[in-house]
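Encoded as structure tokens, the structure appears first; notes follow it.
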Amino acid sequence: MAASNASTTKTLRPDNIEIPSSSGSNHPPDDFDGPISPRSWRHRTVTYQVPSRRQTNGSLDAEDYFVGPRDMSKHSKWPFFMRMHGSVFPKMILPLTVVTIWSTAITCVSEFVHPLAVSTLLLTVLGFVVGLAISFRTSTAYERYTEGRKYWSQLITVSHNLARTIWFHASERDGEIGKEDLLNKLSALNLVNAFACSVKHRLRFEPGIDYPDLRDRVEYLDTFARAAECEIPKPGDKKKLKAVGEYLGVTFAESNPRKRIKRAKKPLGNLSLEILNHLSCYVHSIIDNDTLKVGLYQNQAITSIVQLNEVLVGMDRVLQTPLPIAYSIAISQITWVYVMMLPFQLWDDLRWITIPGCIFAAYIIIGLSAIGREIENPFGHDVNDLPLEAYCEELEMDIDTITSQPPALCPRVYAPRRQYAHLASQPQELQLLGPPQQAGHQGCAHDKDKGRYGG
Numbered sequence: 001m002a003a004s005n006a007s008t009t010k011t012l013r014p015d016n017i018e019i020p021s022s023s024g025s026n027h028p029p030d031d032f033d034g035p036i037s038p039r040s041w042r043h044r045t046v047t048y049q050v051p052s053r054r055q056t057n058g059s060l061d062a063e064d065y066f067v068g069p070r071d072m073s074k075h076s077k078w079p080f081f082m083r084m085h086g087s088v089f090p091k092m093i094l095p096l097t098v099v100t101i102w103s104t105a106i107t108c109v110s111e112f113v114h115p116l117a118v119s120t121l122l123l124t125v126l127g128f129v130v131g132l133a134i135s136f137r138t139s140t141a142y143e144r145y146t147e148g149r150k151y152w153s154q155l156i157t158v159s160h161n162l163a164r165t166i167w168f169h170a171s172e173r174d175g176e177i178g179k180e181d182l183l184n185k186l187s188a189l190n191l192v193n194a195f196a197c198s199v200k201h202r203l204r205f206e207p208g209i210d211y212p213d214l215r216d217r218v219e220y221l222d223t224f225a226r227a228a229e230c231e232i233p234k235p236g237d238k239k240k241l242k243a244v245g246e247y248l249g250v251t252f253a254e255s256n257p258r259k260r261i262k263r264a265k266k267p268l269g270n271l272s273l274e275i276l277n278h279l280s281c282y283v284h285s286i287i288d289n290d291t292l293k294v295g296l297y298q299n300q301a302i303t304s305i306v307q308l309n310e311v312l313v314g315m316d317r318v319l320q321t322p323l324p325i326a327y328s329i330a331i332s333q334i335t336w337v338y339v340m341m342l343p344f345q346l347w348d349d350l351r352w353i354t355i356p357g358c359i360f361a362a363y364i365i366i367g368l369s370a371i372g373r374e375i376e377n378p379f380g381h382d383v384n385d386l387p388l389e390a391y392c393e394e395l396e397m398d399i400d401t402i403t404s405q406p407p408a409l410c411p412r413v414y415a416p417r418r419q420y421a422h423l424a425s426q427p428q429e430l431q432l433l434g435p436p437q438q439a440g441h442q443g444c445a446h447d448k449d450k451g452r453y454g455g
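The opening position of the sequence shown corresponds to residue 1 in this note's numbering, with each subsequent residue numbered one higher.
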């Protein structure tokens, strides 16, 4: 569900239908027969706003050029070489300013005081080394970026399989206990959504459960994160000068993303892992009470939880295993030595053209290095990072789609009766297709479940 530009109060439905709440009650009208979903049983009036991405009304202000991830649903008609949003140019303003001042100083000294030219052989040797270094940095960073995307694709796929197994293959018993079974199924599917959201916040070093896309789904669970919620320091407002420094890539202005975790006074645990524990308990319960009877489906449910745990550990591995610091330091030093040596090697041939030549060369070399540094951690808030909010919303809508129909389906949903009406003279085939619709038709499992599911 997309968040609006400002926090808005509405009754949430899986099909995005706003249902006005009656006075003194947050329940929908009695005659409403919309599809059921993991959220439709609550019908709560909540204030929802995605915390990690400030939404815009189709236009971008200065902050949007620095804060991400980029909204993939928006389309730009500008050619790529003229686009600013998504470019690393804002973070290169200060490095290019330094290169401009340096190349101008060297050129002026060489022109008016004493020539500072050196052989271009050094340019060739250093250029080869710098090319190898930047290629290594870019390839390793993009490998981590694609690996992070693969893990999120696997998370969504496994979540689909687990949700489908729970919704369609875990049956409900008769009577009042069947309503409890249905509520437990919906609660389990809510936990599948909560797992994805908790992984997103974990990868961004956002502790606790006090987030609009997470609190309502896990606040009733007994977890370390909930117990430590009141002890977690709240994120403070950034000073304007500090924010500008971060936008421009000044390392001294960057905050430690783990600061809130380090300052917590109680153990924070691992919320994503605890959610998987609760899902495992639910799967054990439906196997134990014979509502999930088929061994194949039991194995699918357990395997899905194991795969979700593997995804969690894999994304932790990507996050906690950056490029070794020795490589990062060496690549940065080699790059800057090469850029600073350019004016000495270009002045003898280019004279005053040395200044724009050095700026352009620095833009290419430092720019490629900056891209590798930005996408090295694909889970953050940079413009080119993975849009984790979009992935979580996609999973939420997909699970709503899965649960939009009752799990008990009769054969007629697969083809209209008129398509096999010619089989009326063949009783054996009709027995496989179910009884035809007529005045004495008693209905099928789908019809019997209408009362329970509101269909």
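Every residue, glycine too, gets a C-beta built ideally from N, C-alpha and C.
So, are the CB atoms of residue i and residue j less than 8 Å apart?
{"i": "residue 212", "j": "residue 260", "result": "no"}
{"i": "residue 93", "j": "residue 344", "result": "no"}
{"i": "residue 365", "j": "residue 101", "result": "no"}
{"i": "residue 301", "j": "residue 395", "result": "no"}
{"i": "residue 309", "j": "residue 271", "result": "no"}
{"i": "residue 197", "j": "residue 358", "result": "no"}
{"i": "residue 103", "j": "residue 354", "result": "yes"}
{"i": "residue 311", "j": "residue 116", "result": "no"}
{"i": "residue 78", "j": "residue 403", "result": "no"}
{"i": "residue 282", "j": "residue 184", "result": "yes"}
{"i": "residue 205", "j": "residue 263", "result": "no"}
{"i": "residue 120", "j": "residue 323", "result": "no"}
{"i": "residue 110", "j": "residue 347", "result": "yes"}
{"i": "residue 172", "j": "residue 182", "result": "yes"}
Could you give the C-beta distance for residue i and residue j, rounded to a whole number, given that I count them as a contact under 8 Å?
{"i": "residue 88", "j": "residue 376", "result": "Actually they do not touch by this definition, with Cβ atoms about 13 Å apart."}
{"i": "residue 384", "j": "residue 149", "result": "Not really, about 12 Å apart at Cβ, beyond 8 Å."}
{"i": "residue 165", "j": "residue 297", "result": "6 Å"}
{"i": "residue 72", "j": "residue 387", "result": "5 Å"}
{"i": "residue 151", "j": "residue 314", "result": "5 Å"}
{"i": "residue 335", "j": "residue 369", "result": "5 Å"}
{"i": "residue 362", "j": "residue 337", "result": "Not a contact, Cβ separation roughly 12 Å."}
{"i": "residue 169", "j": "residue 279", "result": "With a Cβ gap of about 15 Å, residue 169 and residue 279 do not count as contacting."}
{"i": "residue 227", "j": "residue 266", "result": "6 Å"}
By Cβ distance below 7 Å, which residues in the same chain neighbour residue i in space, the five residues on each side in sequence not counted?
{"i": "residue 60", "result": "Confidence in residue 60 is poor, its pLDDT being 49 and thus under 50, which makes the residue's placement too unreliable to answer from."}
{"i": "residue 144", "result": "318, 376, 378"}
{"i": "residue 269", "result": "223, 224, 225"}
{"i": "residue 229", "result": "208, 209, 210"}
With a threshold of 8 Å on Cβ separation, who are the neighbours of residue i within its own chain once the five nearest residues in sequence on each side are excluded?
{"i": "residue 118", "result": "341, 344, 345"}
{"i": "residue 214", "result": "194, 197, 198, 201"}
{"i": "residue 219", "result": "209, 226"}
{"i": "residue 350", "result": "357"}
{"i": "residue 96", "result": "359, 362, 363, 366"}
Looking only at its own chain, which residues have a Cβ that is under 6 Å from the Cβ of residue i, when we skip the five neighbours before and after it?
{"i": "residue 123", "result": "345"}
{"i": "residue 159", "result": "192, 395"}
{"i": "residue 306", "result": "none"}
{"i": "residue 331", "result": "133, 137"}
Would you say the beta carbon of residue i is closer than 7 Å to some non-hydrogen atom of the ligand FAD?
{"i": "residue 358", "result": "Among the ligands in the structure shown, none appear at all, so the ligand FAD cannot be discussed."}
Checklist line | 4-residue-minimum alpha helix (DSSP H) runs that sit fully inside the segment 274–332, ordered along the chain | finding: 295–320
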